[in-house]
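Chains as they are written, first to last, in this note's numbering: chain A, 948 to 1517; chain B, 1433 to 1880.
Let me begin by presenting the structure, written as C-alpha cells, before commenting on it.
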Amino acid sequence: MTSLALSRESIARVRPGPAAVAALIALFLLLFLVVPVVQVIFVAFQDKTTGAFTLVNFADFFRNDLFMRSFWNSFYVSAMSVVVASALALPLAYLTTRFEFRGAVLIQSLGVIPLIMPPFIGAVAMQLLFGRNGTVNLLLRDHFGFSIPFMEGLNGVIFVQSIHYFPFILINLSASLKNIDRAMEESAQNLGCHGFRLFRRIVFPLAMPGYVAGASLVFIKVFDDLGTPLLLNVSDMLAPQAYLRISSIGIADPMGYVISVVLIVCSLLALWVSALAMRGKDYATVQRGGGGLARRRMKPLELVAAYTVVLLILMLVLAPHIGLSLLSFATIWSFSPFPDAFTMKHYHTVFVESGQYITNTLLYASLAAALDVVIGTAIAYLVLRTKLPGRQWLDYAAMAALAVPGVVLGIGYLRSFYGIPMPFSGQPLSSFWLILVFALAIRRLPYALRACTAALQQVSSSLEEAAENLAATKLRTLGRIVVPLMSGGILAGFVTSFATAAVELSATIMLVQSQSDAPLAYGLYVYMQSAAGRGPGAALGVFAVVIVGLGTYLSHVIIERGRRERGQER
Amino acid sequence: MSRTLRSVAAALAFVLASGTAAFAQDPSGKLVIVTSFPKDLTSAFQQAFQKAHPKVTVEILNRNTNAGVKFLQETASNNGTDLFWASAPDAFEVLKGANLLQAYKPKVEGIPEKVGAYPVNDPQGMYAGFAASGYGIMWNTRYMKANNLPAPKEWADLTKAIYYDHVAISAPSRSGTTHLTIETILQGEGWEKGWRTNKELAGNYRTITERSFGVPDGVNSGSFGVGIVIDFFALSSQASGFPVEFTYPTVTTIVPANIGVVKNAPNKLAAETFVDFILSPAGQEVLLQPAIRRLPVNPATYEKAPAGYPNPFKDTSLGAQVNFDVEVSQARYNVVDALFDQLITFQLDDLKAATRAIHQAEAAIAKKPNDKARSLVAEARDLVAAMPVTAEQAADPQLAGAFTVERKSATDAVPERQAQVEQKWAAFAKENYAAARKKAEEALALAR
C-alpha cells in the first residue's frame, strides 16, 4: 500500500522539464559512452572458443598471481597518492583562502598547472630532475655521496601521481572553503574555539564536500591512470596490465577487457564509499553575503613561515614544469645536472610546424569543457534537487567514464561510428572532428561533475524556495540563483576538464584521422618518437602549459570580478 | 626493325596494355599513410615525394605500430588509408593474415632478394622492404665513464656482473623489433641456450620499457647506461648530438622495414607510385640523412653514403651469422612474447635478486675457490635458465591456439585459456628464481 502510494507520489513529482533534460543526457551518455564501451568490453563475458556467455574469465583474473599483485599495487599506490596529495593541497588551500595573502589567485592558478603534464615529455623531465641520474641525485651524489630513490618502482608512481593530481584536491577544497558561511566560524569563535581546533572541528568538516570530491577523484584517477606507470616502466599495476593486453598486436585475449571491467567496478565502488561518507550530513549554507571565511592578517613571523611553506610546495609541484622549460631551451641534456647549453631553435621549429595543433587544442578542449560543465551542472541538479526515478544512475554512468581506458573508448568509437557515413560528404562519422570533442568531453565529464555536485551541495535549497515564493520560475531560479552560487565549483570543473583535455592522448591517438584536425597531444606524441624531437616536443609542451595556465588565470580573474560585482567579496 | 621503330612499337604496346589508365599515370589527389615512423623520416620522404609528384598531397598519420594495426582492422569496412608503413614485419603479417593488404610488385629493378639472411620482400608480394635495420648495443659515454664501465662488444658481455642494473631493453610483446632480437638469439643459439642467454641478459636489466623509443630515450638522458636498440635509434641520437655510441654484435639480424598497400586503398595509383618512389635511387638516398640513418635496400645507394656507413651487402658478417627462419618465428610468435613477459618482464625483481646472488657468490668463489659452492652456483644458473616449455611445445599449434583470435569450430580440441597458461609459467619462474637465489646464497656462505 505504502509503496504504491509512494510511487504514485513520485510519479506526480516528475515534471516534464527535468525529465526531458534527464532523457537528453541519458541519450548522450548512452550514445557516446555506454554503447561504444559495451561494444568493446562484452568480450570479457565471452567464452573465447564458443562465444557463449561465461564468467570463467573473471575466475581466471582472481586465480592469477600477477593480476592480484597488480590489483594490490594499484590499491596501495592510489591510497598513498591521496595521502601525499592531501599533504600538498591542504596547506595551499587553507593558507590562500583563510588569510590575507598576496598573490592568492596566482598561487591558485599555479596550483592547477601540475594537472597539465604533457604525455611522454613530462616523464622525461621528471627523470632528468629526480631520476637515478637526475639533477637532484647527481648533485647529492657529488656533494654528499648518497642519492634518494624518488623514482624507483611504486614510490616513483606515488611521487609523480600525487604531484600530478593534487590539484583535484586543491581546486575542490578551495572552492569549498570559499563557500563556508562566515557565521559558522564566528559562532565557534564566540564560543571560545580557536586555532587548530577551529580548523579541525568547524572549518575542515564544513569543507568536506570539496575535500571528498577531490580525494575520490585522485583515488580513482590514480587507480585508472596508465600513462604514468607505463612511462616509469612499472607494469605490475592494473591499468597498465589492461592496456598492454588490449594493445598488443595479434593477441586477442579477453583478460584486458576483464581488467577494464574490474577497473570500472572499483571506481564505482570508490565513488559509492565516498557518497556513503557524505550521507546524512547537511553542508548547505544559507548565508551568502559573507562570502566565505573571514580572511585575517598574519603576524610577520607567521607570514614568513606561510610563504616558505607555499614556496616549497610550489617548487616541488612545479618541478616537472621547470624541468620541461629547461629541456625546451636545452641543446643536449644527458647525464648532467643541467643542460650543456641553451638555444631558442626548438621554439622556432614549433612555431613553424605546429600552429595548427595549438588552435585545434584550444577549440577542442574548450568545447569539451563547456559541454562538461553544462552536463555536470544538469546532472548535479537532477540528482540533488529532483526526485526523478533513476537519477542516481546518470551520476554513476557519467562517473564510470573515469575508469574507461582511453584506448577502449577510442576503439569503441571507431567501432560504433566508423560505419556511419556523414551527411553530404559521405566520410565516416568517426573522422569528423566533433567526435573527438565528444570523446574528450566524456573522458573529462567526471571531473566537472564532481566539482558541480560539491558546489551544489553547499547551496541551501531554502534559497531557491525563497526565490520561488517570490514567483520566480524554476528556470529563472536556476539562472539567477543556483548557477551564480555554484560559479566557483563550475569554474573548478571547467578548469580541470579543460586542462586535462588539452593534453589527453590515449583516446585521441585512436581517433585522429587527419593531421589538420590533430590536437597538440598528437603533435607531442609525434615529436617524442625521435631523438631530434625531444627539444621541440618540450617546447610544444611548454606552449600547452602556458596556454592552459593563462586560461586558468583568466577564468579565476573573471570569477573573482563577478563576485566582487555581486558584493560577495570583502 | 630499326631501333626507333621498335621503341615506338613498345610504346604503343604499353599504351594499349594500360588502356585508358595511361592518361591517369600521373597520380593526383590525397594519399593517406598510416605510419609508426618518426617525423624526421616521414617528413623527409613527404617533401621529396611531393616535389616529384606535385599533384599528390601526402597526409601522414602517425600511430604506433600496434595502434596502427588496430586502426586498420577497425576501419576496414570503410577504408580511408592507402599505405601502411612501419618497421616490424610481424605487424604486416597480422594485416596480411586479416586480408587487409593488397599485393603490389614494385617496378624498381636492382633490389636484391635478401638483406643479411632475411628476405627483403614478402613472398606473396603483400608488402615490400624499403630499408634495413639491425639490432645492436647503444651506450651513453658519460654514464659509462662515471660508472667505470667498459664499452660492450657482444651480447655475452652484457651478461657480466659489472653491467648489473645498467642495461635496458623494450618488451618484445610491445616492440616488434625487440621480438626479432630475442628470436634471433633463440634461433642463433638454439631454444634452451638462447633462453639462458636471454635470462642472463635480463638479470642485468635496469628496466624493461613499454615502447621501443623508451630505450634510446633513457640512454640519451642517462637514466641507464646501456640499451639494446635498433641501429637507427642510436645513429640518429648520435646525429642529434647526444653522447652515445653504438655497435653491432656478431649475432644480429638485419631486418627490413616495410611498406604495404592497404586493401581497397582509395588512391591506389598514388600509393603504388609512393612505393616505387621510396625504392628509387632518389627515395633511397633520403635514408642516408643524418636524422634518419637507415640502411638502404638498394645496394647502389651505398656509393653515396658517408665513410663508415654500415653496408650489409658488402660487410657479410653483418647479420649473416644467423639464418633467420621466418616460418619458425611465425609459428611461435605469441608464445615467445608471452614467455618473455611471464618469465622475465613481470618477474624482473625476483630474477634480478637471483642474478645478484649468483654474481656475489661467483665473485666470492673467484677469490676463494670452493668446489661445493661452484656446483651450487651451477645449479642456481640452471634453475634460472630452466624453461616451462620445449621448442617443440612452443611451436605446437595447440599452445599457440591459446593466444590467437580465430574461433575454432566445435569439433576442434579446446586449447587452454591464455590466462591459465600464463599463470602456470609465472608460478614456474617465481619458484625457480627463489630456489636459485637460495642456492646462490648457500654458495656464498660456503665461499666466504
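We put the CB at the ideal spot given by N, CA and C, even for glycine.
Have a look at GLN1774(B), TYR1575(B), GLY1542(B) and flag the residue whose alpha-carbon is nearest the alpha-carbon of GLY1650(B).
The sequence position of residue 1650(B) within the second sequence is 218, counting from 1. That would be TYR1575(B), whose Cα lies nearest to the Cα of GLY1650(B).
What residues in the stretch 1473-1504 of chain A have a beta carbon less than 8 Å from any beta carbon of chain B?
Hits within the stretch, in order: VAL1473, TYR1474, MET1475, GLN1476, SER1477, ALA1478, ALA1479, GLY1480, ARG1481.
Strictly below 8 Å CB to CB, what residues from chain B border THR1278(A)?
Position 331 of the first sequence, counted from the start, is the residue given in the question as residue 1278(A). Going along chain B in sequence order, the residues near THR1278(A) (Cβ under 8 Å) are GLY1673.
Expressed to the nearest angstrom, what Euclidean distance is found between the alpha-carbon atoms of ASN1531(B) and TYR1550(B)?
On the second sequence, residue 1531(B) is found 99 positions in, with the first residue counted as 1. On the second sequence, residue 1550(B) is found 118 positions in, with the first residue counted as 1. When rounded, the distance between both Cα atoms is 23 Å.
In the DSSP assignment, what residue or residues form a beta bridge with LEU1493(B)?
Here residue 1493(B) corresponds to residue number 61 of the second sequence, with the count starting at 1. LEU1493(B) pairs with VAL1466(B).
Using the DSSP secondary-structure output, state which residues sit across from ASN1572(B) in a beta bridge.
Against the second sequence, residue 1572(B) aligns to sequence position 140. The partner list for ASN1572(B) (beta bridge, DSSP) reads VAL1676(B).
At which residue ranges does the stretch 1497-1570 of chain B contain complete beta strand (DSSP E) runs of 3 or more residues, listed in the order of the chain?
Segments of the beta strand (DSSP E) lying fully in the stretch 1497-1570 of chain B: 1515-1518.
Distance cutoff 8 Å, beta carbons only. Does SER1761(B) sit that close to anything in chain A?
Position 329 of the second sequence holds residue 1761(B). Not one chain A Cβ lies under 8 Å of SER1761(B).
For PRO1466(A), would you say it is in contact with chain B, using Cβ-to-Cβ distances shorter than 8 Å as the test?
Indexing the first sequence from 1 puts residue 1466(A) at position 519. PRO1466(A) does not count as touching chain B.
Mind checking whether ALA1518(B) and ILE1724(B) have CB atoms under 8 Å apart?
Within the second sequence, numbered from 1, the residue matching residue 1518(B) stands at position 86. Within the second sequence, numbered from 1, the residue matching residue 1724(B) stands at position 292. It is not a contact, given that the beta carbons lie outside the stated cut-off.
Using the beta-carbon of each residue, which ones in chain A are nearer than 8 Å to LYS1471(B)?
Taking the first residue of the second sequence as 1, we reach residue 1471(B) at position 39. Within 8 Å Cβ-Cβ: VAL1473, TYR1474, GLN1476, SER1477, GLY1480.
Could you please tell me which residues of the stretch 1164-1183 of chain A, in chain order, have their CB closer than 7 Å to any CB of chain B?
So the list reads LEU1177, ASN1180, SER1182, ASP1183, given in the order they occur along the chain.
Closest by CA to ASN1652(B), which one among GLY1673(B), TYR1637(B), GLN1478(B), ASN1636(B)?
Here residue 1652(B) is taken as the residue at index 220 of the second sequence, counted from 1. Out of GLY1673(B), TYR1637(B), GLN1478(B), ASN1636(B), GLY1673(B) has the C-alpha closest to the C-alpha of ASN1652(B).
Can you list, in chain order, the residues of its chain with a C-beta nearer than 8 Å to that of PHE1421(B)? Leave out the 5 residues immediately preceding and following it.
Nothing in the structure corresponds to residue 1421(B), since chain B is present only between 1433 and 1880.
Does the contact criterion of 3 or more C-beta pairs under 8 Å hold for the stretch 1421-1434 of chain A versus the stretch 1031-1038 of chain A?
Short answer: they don't touch.
From what residue to what residue does the beta strand (DSSP E) around ASN1690(B) run?
Residue mapping note: residue 1690(B) aligns to position 258 of the second sequence, counting from 1. Unbroken beta strand (DSSP E) run through ASN1690(B): 1686-1694.
Kindly indicate if chain B contains any beta-carbon less than 8 Å away from that of MET902(A).
In the structure as shown, chain A begins at 948 and stops at 1517. Residue 902(A) is therefore absent and cannot be evaluated.
Examine chain B for any beta-carbon lying closer than 8 Å to the beta-carbon of MET1155(A), and answer yes or no.
The residue labelled residue 1155(A) in the question sits at position 208 within the first sequence. No, MET1155(A) does not count as interfacial toward chain B.
What did DSSP end up calling SER1602(B) once you bin it into helix, strand or coil?
As a first step, residue 1602(B) must be located in the second sequence, where it is residue number 170. SER1602(B) falls in the strand class under three-state DSSP.
Does the distance from the CB of PHE1772(B) to the CB of PRO1604(B) come in under 8 Å?
As a working note, residue 1772(B) is residue 340 in the second sequence. As a working note, residue 1604(B) is residue 172 in the second sequence. Against a cut-off of 8 Å, the Cβ pair of PRO1604(B) and PHE1772(B) comes out as a contact.
So, is the C-beta of ARG1390(A) closer than 8 Å to a C-beta in chain B?
Taking the first sequence and counting its residues from 1, one reaches residue 1390(A) at position 443. Chain B, which has no Cβ nearer than 8 Å to the Cβ of ARG1390(A), makes this no.
Just grab the DSSP bridge partners of LEU1261(A) for me.
Taking the first sequence and counting its residues from 1, the one referred to as residue 1261(A) is at position 314. In the DSSP output, where bridge partners are listed per residue, LEU1261(A) has none listed.
Decide yes or no for the touch test of the stretch 1598-1617 of chain B against the stretch 1728-1741 of chain B: beta carbon pairs closer than 8 Å, at least 3 of them.
Verdict: no, contact absent.
Can you give me the start and stop residues for the alpha helix (DSSP H) that ILE1367(A) sits inside?
For the purposes of this step, residue 1367(A) is taken as the residue at position 420 of the first sequence. Taken as a continuous stretch (DSSP letters only), ILE1367(A) belongs to no alpha helix (DSSP H), as it is neither H nor E.
So, is the C-beta of GLY1366(A) closer than 8 Å to a C-beta in chain B?
Position 419 of the first sequence, counted from the start, is the residue given in the question as residue 1366(A). Yes - at least one Cβ of chain B is within 8 Å of the one on GLY1366(A).
Using three-state DSSP, classify LEU1071(A) as helix, strand or coil.
On the first sequence, residue 1071(A) is found 124 positions in, with the first residue counted as 1. The question names Leu, but residue 1071(A) in the sequence shown is Val. Looking at VAL1071(A) - three-state DSSP - the assignment turns out to be helix.
Is LEU1458(A) closer than 8 Å to GLY1357(A) when the C-beta atoms are compared?
Taking the first sequence and counting its residues from 1, one reaches residue 1357(A) at position 410. Taking the first sequence and counting its residues from 1, one reaches residue 1458(A) at position 511. For GLY1357(A) and LEU1458(A), yes; Cβs fall inside 8 Å.
What's the C-alpha gap between ALA1593(B) and LEU1808(B)?
Counting from one through the second sequence, the residue named residue 1593(B) turns up at place 161. Counting from one through the second sequence, the residue named residue 1808(B) turns up at place 376. Each residue's alpha carbon lies about 18 Å from the other.
If we cut at 8 Å on Cβ distances, does THR1641(B) have a partner in chain A?
Numbered from its first residue, the second sequence carries residue 1641(B) at position 209. Closer than 8 Å: yes.
Compare the C-beta of ASP1007(A) with all C-beta atoms of chain B and state if any pair is closer than 8 Å.
Counting from one through the first sequence, the residue named residue 1007(A) turns up at place 60. It does: the Cβ of ASP1007(A) has a partner Cβ on chain B nearer than 8 Å.
Spell out the partners DSSP gives ILE988(A) in its beta bridges.
Translated into the one-based positions of the first sequence, residue 988(A) becomes position 41. Partner(s): none; ILE988(A) has no beta bridge.
Residues of chain B with CB under 7 Å from MET995(A), in chain order?
Here residue 995(A) refers to the residue found at position 48 of the first sequence. The amino acid at residue 995(A) is misidentified as Met; the sequence shows Lys. Per Cβ cutoff of 7 Å: ARG1849.
Please give me, in chain order, every unbroken run of the beta strand (DSSP E) with length at least 3 that falls completely inside the stretch 1597-1650 of chain B.
The qualifying runs are 1599-1602, 1637-1641.
If we ignore side chains and look at the alpha-carbon of each, how far apart do THR1308(A) and ASP1287(A) end up?
Within the first sequence, numbered from 1, the residue matching residue 1308(A) stands at position 361. Within the first sequence, numbered from 1, the residue matching residue 1287(A) stands at position 340. Cα-Cα distance, rounded: 32 Å.
How would you call PHE1000(A), buried or exposed, if buried means at least 16 neighbouring beta carbons within 10 angstroms?
In the first sequence, residue 1000(A) corresponds to position 53, counting from 1. Exposed, since its Cβ has fewer than 16 Cβ neighbours within 10 Å.
State buried or exposed for PHE1143(A), treating a residue as buried only when at least 16 other CB atoms are found within 10 Å of its CB.
Counting from 1 along the first sequence, the entry for residue 1143(A) is found at position 196. Looking at its Cβ environment, which holds fewer than 16 other Cβ atoms inside 10 Å, PHE1143(A) is exposed.
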